[in-house]
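As numbered in our numbering, residues -13 to 387 make up the sequence shown, in order. Beneath this line is the structure, given in structure tokens, with notes to follow.
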Amino acid sequence: MQLKEKIHEYAKEYCGFDIVGFSNVQPSSHETTVRNWVKEGYHAGMSWYERSLDKRVNPEKVFDTAKTIIMVGVNYYPFDYPEDILNDPSRGIIARYAVYDDYHEILLPKLVQLKDFIEKEVGRSLEYKAYVDTGPILEREIAARAGLGLQGRNTTLINFEYGSWVLLAELIIDVELDDESVIASEPGERGNLVLHPSKKEEIASSQSLLAMTDKKSGCFSCTRCIDICPTKAIIKPGVIDSNKCISYLTIEHKGIIPLEFRKLMKNRIYGCDICQEVCPWNKSRQKISQNKDFKARQDLFAPKLLDLFPMTQEQFSARFKKSPIKRAKREGFLRNVLVAMGNWADPSLVKTLEIGLQDKSPVIRAHAVWALQQVDSQESKKMLTRHRPSEMDDEVLNEFL
Ligand code: B12
Ligand code: SF4
Ligand code: SF4
């Protein structure tokens, strides 16, 4: 058995990865697109993205002796949301990847385990980098190059077996695998599926997808994700303006959420899966993850908004200790919940929202003001009038109509 096959087998059998592929470290075929993305400011407040741009478009620069990228992924599809739950304004919808413990922490030790295995096989220590999401790597382009799927117009990597519900990670090593063992598409050819001959079943399952691709995006004439995106964040096929994306706004964005997006966010309180929920490739491929490290937390299955607000810092830290949700911090998360409460606008919320008016975070107070205005009852108006004189923060005062 060749080394590449052994790695493939070990990664699946012993590390729990569902998909595994190999790529070399050749530069991105889309360097201009990626640089323009940053030039246009589509990375919004993610300044860390800009800092690593040169490496991102040229993985050879990640470290001097980098030779091969082992791309891996896990199926994380947790459960089906019935339509009535998804659209219930009294519940908050959390992106599927975030209903588990933090995948960064789950996957990193597994990459190191894979590295240890390769070291034993090659009989020397490796120079390597193991990244889960946060490395300077265009993970989706490289995954596509490694034969793990195609990038759709919503920009996600759509895998032949699991759809786009796969999280990606990679191990970059200083081992040059022989030609046959490095699986890569030609630069610029999206959807050129070159799979290892031993993966017969994957070749078979990819045939229907392959037959329908236009060799660019795998989307053929479909534009469902572009049409449905509530904030029109997919500004053209394959390009997302993060400034408008609910995922960005609810996870990465700090501070007040621009007014124009609040109603469009509806009840999405952490991340957004809408452009994946409508994708026809997902409908036929999604299957509930059997990965034993990914146990969906039932308390994060469309939680009731009233169970999420109010929440003290101690309660937030305890509840989301291992969860990706801690990234938004208490302020960001409760801000999102208040946006959802404002969109629910139920008169019974007034007493709860009053607690928000007294929070020490101006961001939370500002969104409590907005939510009370959405309720628009005698009681909510009275409450706002009563609180206004004691409010000193300009950003909060700006929210009062
Ligand atoms: C920054 C970032 C974000 C930003 C920007 C998203 C974006 N689309 O760029 C925000 C915060 C909005 C975000 C949101 C989400 N993210 Co994110 N994110 C990243 C991160 C860190 C970098 C992505 C990046 O480089 N963007 C810049 C653009 C220019 O890159 P790109 O979209 O890959 O660009 C390619 C295309 O434009 C393509 N291209 C060029 N021309 C054309 C033409 C056509 C027609 C097409 C189709 C493509 C195409 O070439 C470019 C270069 O390869 C990656 C991790 C990583 N290191 O890669 C995770 C990552 C992409 N995110 C991920 C996830 C899960 C999400 C969310 C689903 C989370 C959620 N539920 O809320 C959403 C999905 C939103 C979406 N539709 O993309 C996963 C995606 C897994 C998958 N199967 O695709 C990744 C890979 C993290 C991981 N390790 O698993 N994310
Ligand atoms: S994640 Fe949501 S907001 Fe972002 S592009 Fe997809 S549908 Fe639009
Ligand atoms: S919804 Fe349609 S256009 Fe969007 S990624 Fe899926 S197949 Fe492509």
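By construction, the Cβ of each residue, glycine as well, lies at the ideal position given by its N, Cα and C atoms. All figures in this text were calculated on a predicted structure; none of them were measured in a lab.
Contacts around residue i, its chain only, beta-carbon distance under 8 Å, and the 5 residues preceding and following it disregarded
{"i": "A(-3)", "result": "F3, V6, I56, V58, L100"}
{"i": "I350", "result": "E317, L320, R321, L324, G342"}
{"i": "L112", "result": "K101, I104, E105, I159, D160, V161"}
{"i": "V48", "result": "V11, K41, K115, G121, P122, I123, I158"}
N-terminal and C-terminal residue of the alpha helix (DSSP H) that residue i is part of
{"i": "R42", "result": "39 to 43"}
{"i": "T18", "result": "17 to 25"}
{"i": "I391", "result": "Residue 391 is absent from the structure shown; the chain starts at -13 and stops at 387."}
{"i": "E385", "result": "It is not in any alpha helix (DSSP H) - E385 carries neither H nor E in the DSSP assignment."}
{"i": "I71", "result": "69 to 72"}
{"i": "V85", "result": "Premise fails: V85 is in no alpha helix (DSSP H) and is neither H nor E."}
{"i": "P348", "result": "348 to 361"}
Endpoints, the beta strand (DSSP E) within which residue i is located
{"i": "T371", "result": "Run containing T371: none in the beta strand (DSSP E); it sits in the alpha helix (DSSP H), 364 to 373."}
{"i": "V6", "result": "5 to 10"}
{"i": "K96", "result": "Not the beta strand (DSSP E): K96 falls in the alpha helix (DSSP H), residues 89 to 108."}
{"i": "K115", "result": "114 to 117"}
{"i": "K(-8)", "result": "Counting along the chain, K(-8) falls outside any beta strand (DSSP E), though it belongs to the alpha helix (DSSP H) covering -11 to -1."}
{"i": "V48", "result": "Note, V48: premise wrong, no beta strand (DSSP E); not H, not E."}
{"i": "I220", "result": "220 to 222"}
C-alpha gap between residue i and residue j, whole angstroms
{"i": "S33", "j": "P244", "result": "19 Å"}
{"i": "N277", "j": "N61", "result": "8 Å"}
{"i": "T217", "j": "A326", "result": "15 Å"}
{"i": "L153", "j": "L387", "result": "43 Å"}
{"i": "L39", "j": "P122", "result": "7 Å"}
{"i": "K337", "j": "S366", "result": "9 Å"}
{"i": "L157", "j": "D88", "result": "19 Å"}
{"i": "S328", "j": "T236", "result": "Looking at the sequence itself, residue 328 is Gly, so the reference to Ser does not match. Taking the straight line joining both Cα atoms gives about 15 Å."}
{"i": "M297", "j": "D102", "result": "43 Å"}
{"i": "D285", "j": "T120", "result": "27 Å"}
{"i": "V43", "j": "K106", "result": "31 Å"}
{"i": "T141", "j": "G204", "result": "11 Å"}
{"i": "R21", "j": "P13", "result": "13 Å"}
{"i": "S76", "j": "I(-7)", "result": "47 Å"}
Close Cβ partners of residue i (< 7 Å) along its chain, the five nearest in sequence each way excluded
{"i": "I221", "result": "D227"}
{"i": "E385", "result": "A352, V355, W356"}
{"i": "D279", "result": "G2, I92"}
{"i": "A52", "result": "V11, P45, E46, I158, D160"}
Integer Cβ distance of residue i from residue j, believed to fall under 8 Å
{"i": "G149", "j": "Q272", "result": "5 Å"}
{"i": "L143", "j": "G133", "result": "With 8 Å as the limit, L143 and G133 do not qualify as a contact, their Cβ atoms being about 11 Å apart."}
{"i": "R139", "j": "T209", "result": "7 Å"}
{"i": "A288", "j": "Y67", "result": "7 Å"}
{"i": "L291", "j": "G78", "result": "5 Å"}
Own chain residues within Cβ distance below 6 Å of residue i, not counting five before or after
{"i": "E175", "result": "Because E175 carries a pLDDT of 33, less than 50, the predicted location of this residue cannot be relied on, and no value is offered for it."}
{"i": "R283", "result": "V85"}
{"i": "S347", "result": "E317"}
{"i": "R82", "result": "P64, D259"}
{"i": "L370", "result": "L358"}
{"i": "E125", "result": "L154"}
{"i": "E36", "result": "V24"}
{"i": "D345", "result": "R351"}
Open item on the list: I'd like the ranges of any alpha helix (DSSP H) spanning at least 4 consecutive residues and lying wholly in the segment 305 to 337.
Closed with: 315 to 330
Task: Every unbroken alpha helix (DSSP H) within the segment 124 to 172, with a cutoff of 4 residues, ordered by chain - done: 125 to 131
Open item on the list: Please give the ranges of any beta strand (DSSP E) in the segment 231 to 272, keeping only runs that are unbroken, at least 3 residues long and fully inside the region.
Closed with: 254 to 256
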